[in-house]
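Please read the structure below before turning to the comments.
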Amino acid sequence: MSILDNLNIEQRKAAERVEGPLLILAGAGSGKTRTVTFRIAHMVLEKNISPYKILAVTFTNKAAKEMRERVEGLIGEDAKRVMVSTFHSFGVRLLRMYGNKLGYDSNFNIYDSDDQKRLVNTLMKDIGITDKSTTPARVVSAISKLKEEGITPGEYANDSRGFLESYKTVSAVYGRYNTALKKNNAMDFSDILVNTNALLDDLELLEKIQERYQYVMVDEYQDTNKIQYEIVNKIAARYKNLCVVGDEDQSIYGFRGANIKNILDFEKDYPDAFVVKLEQNYRSTENILEAANHVIKNNESSRGKNLWTAKKGGHPISVIEASDGREEAYFILRELYQLKKEGYNYKDITILYRTNAQSRAFEELFVKQGTPYKIFGGMQFYQRMEVKDVISYMNVINNPKDSLSLMRILNVPKRKIGPATINKFRDYAEENNMSLFEALGHTEEIKLGPALKIVISEFYNGMLSIIEESEYMPVSEIFTEILTTFKYKSYLEGLGDDRVEERIDNIEELRNSITELEKVEEDLRLGEYLEKISLVSATDELEESRDYVKLMTVHNSKGLEFPVVFIAGMEDEVFPSSKADYDTNQLEEERRLCYVAITRAEKTLYICHANERFVYGQTQPRSRSRFLGEIPPHLLENKNKKEKPVQKKTTEKKKSIENFNPLRDKKSAGNTLDLPYSVNERVTHKKFGMGIVRAVNEKTIEVEFTVGKKKFLTAAIDKFIQKI
DNA sequence: TAACCTATCTTTTTT
DNA sequence: AGATAGGTTA
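The following block contains the structure:
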């Protein structure tokens, strides 16, 4: 008897193979996660391998969480000792510990693409680039791709494409951009990987890590890029217990440097690799699977698999033709109501599309009709202007070297600190080799009007005071301090913007999310919080229990499955994207994307397309996607409803499910201190004066001052609070 | 410095 | 269509 008796023959072959290099070619829906989790359980329960020695790397937090929970279901508490992590979280963890070797402080901030764009933008202006052929956004994506392909600024400068103007721009910015990030004690997403990889060049450290993680597993190996490849292979080099799982037909991240060769060449890298193919699909009906197989076989890059299912037949695939994008949304909504009548719930249904912009038509209609829905990805909660403002305050408090975040908030709320003034301080900081924030403390040495001096000193001292407090204050208190000290809400109210209410709601939602998080993790520190919100991915917020229709890009749907799937916008120039028109490799990637989309469906699949579409403020004619033509007609059924659906009189607007949920990953408990404080004891605080202790919790205490109740973390509290 | 107007660009896809 | 950058004016 073995725990592996629960697996099919192929899955079992893979799970049994614990030592040595192992390649698991796992077709869509073939029980990949099941195989991997049972493999871990087998290692721990039946092979006596310490869970502490196992590292499993996934692409999203959601995948990591799911894997951890499923392993826990099999082996219990020991599962917590297995390191299940995304590449990025794993890297950040390592870099917090050892980043000083590369010249970073452990409180480094993480920049998102918005930050990257702003930084590149200022750099381009500083250098005086007049190149109109490119934009900061394009420069950012070029730089990210270069980083993840392992090309340094120096190497890029020697590249032969040097005559192109956009190339020159990228080349001029790349190195300076890196320097600026480092000065700000910040990393972008690519840096997390690049620096993790660089850390592993330290042989002593590498050996330590190799000894710690003697068994390495990588999920979605077809989507690893050069740097991730190097990280994995360095760690596994010592024991060669490397298990990679993937499917070359689902490689869809070429645009961010993913290299399909990593999986195709695994057997070259490890000639003694054991290879297992998982070809039984447990997810979809025969019709759906056959359609997917017919599409993907047009790809040269496909090795060819024999994906099969025991679920014979099934519904034909419904094709819906609409006159335009709006009608497409109507048709889908009507079909959705039909499905509801047949007994499906909203949560069984997912609408997939190629680009985020396509979600708009659905959102408008669903709001009007009061249909519960949730859009994953797109404009993230944390990227909204007002949320980002407050986060930028937190960024500076966490890491005052972060001049980029500082520049964002210097004049928000408006303090009459314009670009001219900021530049004076930037110059002063540069000349005196200090950070912009430090420079703000030297108002006397800089030529300024008296009013400005006062304003800047107020800002500077306000920040200093919160920075000091942040050592022992819970994030929620820091949040409140920021809002009150800098009167952020009155600033929002005074904007005279028609979205004031929404913005204030967002701020309140941010507060709620922090409070929710602190319920789970009482002693959450600012740095940990910022890290957490930087690394969330779109589908991490997916809640199985709530009943709403899910909308997301095909990219975001990878690894997920749904009873009913609508693929919207199946038109040439949309899917495949017009960007892939003249490039076979890109076209093949689009086809893999289509393959991913089709194979998400369990029972029912709809493919929709419109004859014209409104793009860039213009109506353009559209024809059905070539991919649709690759599906044999006998699998398709025309589900066209000729008459236009009657739009219901707008009923009372129901609020859609918010696009945002508090993070709720649990974290292991921190240290517990003996508290010398007791309820009703009197204390004094530097800033808030006299107070009375109202509650003593495990890791925090609450004190009532004249200004109101405040919470404090007990760690390091003695520096700030004194007993009387 | 801020407020207002006009011209231009945007949409691939994401940790 | 909507967002944003850049320029002009108060």
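In the numbering used here, the protein residues as written are 25 to 748. We treat Cβ as the ideally placed atom computed from N, Cα and C, and that holds for glycine. Values in this document were obtained by computation on a predicted structure and should not be read as measured data.
- When the beta-carbon positions are compared, threonine 643 and glutamate 654 stay at least 9 Å from each other.
- In its chain, beyond the 5 residues on either side, Leu428 have a beta carbon closer than 7 Å to the beta carbon of aspartate 139.
- Under the 8 Å Cβ criterion, the stretch 538 to 556 counts as touching the stretch 414 to 426, having at least three qualifying pairs.
- Shown here for histidine 339: same chain residues with a beta carbon closer than 6 Å to its own, the five before and five after excluded, namely Thr628 in chain order.
- Closest in C-alpha terms to glycine 44, from the list Gly641, Asn209, Phe290, comes Phe290.
- Annotated three-state conformation of serine 168 is helix, per DSSP.
- Looking at the backbone, the Cα of leucine 430 and that of threonine 146 are separated by about 13 Å.
- Within the DSSP secondary-structure output, glutamine 304 pairs in a beta bridge with Trp332.
- Annotation: valine 116 to tyrosine 277 spans about 22 Å, alpha carbon to alpha carbon.
- Judged by their CB atoms, leucine 313 and threonine 57 are not nearer to each other than the 9 Å cut-off.
- Lysine 329 is a Cβ neighbour of glutamate 303, given a cutoff of 9 Å.
- Take the alpha-carbon of threonine 309 and the one of alanine 334: they are about 8 Å apart.
- Where glycine 178 is concerned, the enclosing alpha helix (DSSP H) starts and stops at 177 to 181.
- In this structure, aspartate 136 places its C-beta atom within 9 Å of the C-beta atom of aspartate 212.
- In the three-state scheme derived from DSSP, where H, G and I count as helix and E and B as strand, lysine 37 is classed as helix.
- Residue range 732 to 737 is occupied by the beta strand (DSSP E) that includes glycine 732.
- Restricting attention to Glu501, Asp522, Val560, the CA atom closest to the CA of arginine 535 is found in Glu501.
- In the DSSP assignment, glutamine 140 falls within the unbroken alpha helix (DSSP H) covering 137 to 151.
- Only buried fits histidine 633, as 16 or more other CB atoms lie within 10 angstroms of its CB.
- Along the stretch 232 to 302, the alpha helix (DSSP H) occurs as fully enclosed runs of 4 or more residues at 250 to 260, 285 to 288, 290 to 293, listed in sequence order.
- A Cβ-Cβ separation of about 7 Å places aspartate 348 in contact with phenylalanine 638 under the 8 Å criterion.
- Taking 4 residues as the minimum length, the alpha helix (DSSP H) runs contained wholly in the stretch 432 to 461 are 443 to 455, in order along the chain.
- Rounded to the nearest angstrom, the Cβ distance from isoleucine 433 to phenylalanine 586 is 41 Å, too far for a contact under 8 Å.
- Distance from valine 727 to glycine 713 at the Cβ level is roughly 11 Å; contact not present, criterion being Cβ atoms closer than 8 Å.
- For methionine 211, the secondary structure class from DSSP, reduced to helix, strand or coil, is strand.
- For glutamine 644, there is no enclosing alpha helix (DSSP H); the residue is part of the beta strand (DSSP E) that begins and ends at 642 to 645.
- Annotation: the continuous alpha helix (DSSP H) that includes glycine 551 extends over 550 to 558.
- No residue range can be given for alanine 562, since it is assigned to no beta strand (DSSP E) and is classified by DSSP as neither H nor E.
- Under the DSSP assignment, valine 578 falls in the alpha helix (DSSP H) whose first and last residues are 578 to 581.
- In the DSSP assignment, serine 342 is bridged to Tyr630, Glu661.
- In the assembly as shown, arginine 646 is a buried residue. Its beta-carbon has 16 or more other beta-carbons within 10 Å.
- If you check the CB distance, phenylalanine 132 and phenylalanine 111 do not come in under 9 Å.
- Residues Tyr701, Ser702, Val703, Asn704, Glu705, Val707, Ile725, Val727 of the same chain have their beta carbon placed closer than 7 Å to that of valine 717, with the five preceding and five following residues left out of the count.
- The three-state secondary structure of threonine 154, taken from DSSP, is coil.
- In the structure shown, methionine 121 adopts helical secondary structure according to DSSP, grouped into three states.
- Of the residues assessed, tyrosine 294 falls on the buried side of the cut-off, its CB having 16 or more other CB atoms within 10 angstroms.
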